[in-house]
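From first to last, the protein sequence lines are chains R and V.
At the far end of the first sequence sits residue 452, using this note's numbering, and the numbering has no gaps.
At the far end of the second sequence sits residue 10, using this note's numbering, and the numbering has no gaps.
In this text, a Cβ means the ideal position worked out from N, Cα and C, and glycines have one as well.
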Amino acid sequence: LPQTPVRAAMNTIQQLMMILNSASDKPSDNLISYFNNCTVNPKESILARVENLGNIFKEKFAEAVGQGCAEIGSQRYMLGVRLYYRVMESMLKSEEERLSVHNFSKLLNNNIFHTSLLACAVEVVMATYGRNASQNDGINTETNLSFPWILNVLDLKAFDFYKVIESFIKAEANLTREMIKHLERCEHRIMESLAWQSDSPLFDLIKQSKDREGQADQPEPTCT
Amino acid sequence: PQDYHFGLEEGEGISELFDCD
């Protein structure tokens, strides 16, 4: 059948649903074993963070779209959580092979890593559903939930979100071309503007690398 | 995905990016 924008969107939604229908809302046995291998078991903090951020997300979603759509926000968030656990497991498997490491205590107890990964997973779900207004379950298309809305909701710096994107794409082989293109556009937008906001961790990184190179240079103030 | 431009170098992964290597 000829590909139309609506059909492409439907394919994306169906593809995402295929991936996530079999995924779990909770960490898999494989993930639990990675957690158990950690010096500090991160399981409770991961579950607590998913719940806390979920409450914030649902509240912001309902504020943005309308209280009548709170349940839709909840469903979107849970799809994001399923994708989050699925990609986390895939990432750990590849890191295990790459680094020959089994103890991921530092990474799995890193709050920014988890928030970035979860934000990326939820962004994929939001972009998938946002792509086709008619599929928005009646959501008012005027409400702009597109990127970088998720960064503000989860109080995440754009540069930290940026750091997870490429590994996310590598870890989830079933992302559609549209989804990968969307994440790439996010990357470009972050690098072209969002990462250069005055409170961005990118400036710390630049300073650290300059200090390492022995150049005590001050990052230029951002132009207003 | 052939048309995504991978930029991470050899030996760079999620652990290094989040300073957890």
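query                                                                                                                               : result
Chain V contacts from the region 315 to 328 of chain R (Cβ-Cβ distance under 7 Å)                                                   : MET319, GLU323, ARG326 and LEU327
Sequence-distant residues of its chain with Cβ nearer than 6 Å to GLY308 (chain R) (five each side left out)                        : ALA349, VAL350 and VAL353
Beta-carbon proximity of PRO270 (chain R) to ASN337 (chain R), cut-off 8 Å                                                          : yes
Per-residue DSSP class, three states only, for TYR(-7) (chain V)                                                                    : coil
Neighbour flag for ASN258 (chain R) against chain V, beta carbons, 8 Å                                                              : no
C-alpha distance - LEU422 (chain R) paired with PHE375 (chain R), whole-angstrom precision                                          : 11 Å
Validate contact between the region 259 to 268 of chain R and the region 319 to 331 of chain R using beta carbons, cut 8 Å, 3 pairs : yes
SER426 (chain R): CB within 7 Å of a non-hydrogen atom of the ligand NAP                                                            : Among the components of this structure there are no ligands whatsoever, and the ligand NAP is therefore not found.
Under 8 Å by beta carbon: chain V residues contacting VAL309 (chain R)                                                              : Result: empty, since nearest Cβ-Cβ is about 19 Å, beyond 8 Å.
Cβ of LYS254 (chain R) within 8 Å of any chain V Cβ                                                                                 : no
Short CB-CB distance (under 8 Å) between ASN372 (chain R) and chain V                                                               : no
Residues that SER395 (chain R) contacts on chain V, provided the C-beta gap is smaller than 9 Å                                     : LEU(-3), GLY2, ILE3 and LEU6
Minimum C-alpha distance to GLN243 (chain R) - residue among R:SER426, R:ALA401 and R:LYS435                                        : R:ALA401
Cβ pair count under 8 Å reaching 3, the region 380 to 389 of chain R against the region 406 to 420 of chain R                       : yes
Short-range partners of chain V found in the region 414 to 439 of chain R, where Cβ spacing is below 7 Å                            : none
Partners in chain V for LEU335 (chain R), counting only beta-carbon separations shorter than 8 Å                                    : ILE3, SER4, PHE7 and CYS9
Separation of GLU1 (chain V) from VAL329 (chain R), as counted between CA atoms                                                     : 15 Å
Where GLU317 (chain R) sits in the DSSP three-state scheme                                                                          : helix
Any C-beta of chain V under 8 Å from that of ALA361 (chain R)                                                                       : Interpretation of ALA361 (chain R) is limited by its pLDDT of 44, a score under 50 that renders its predicted location unreliable; no figure is taken from the coordinates.
Short Cβ contact (8 Å threshold) for LEU345 (chain R) with MET316 (chain R)                                                         : yes
Proximal chain V residues relative to ASN455 (chain R), where beta-carbon distance stays under 9 Å                                  : Nothing about residue 455 (chain R) can be read from this structure; chain R reaches only from 229 to 452.
The alpha helix (DSSP H) enclosing HIS410 (chain R), as first and last residue numbers                                              : 405 to 420
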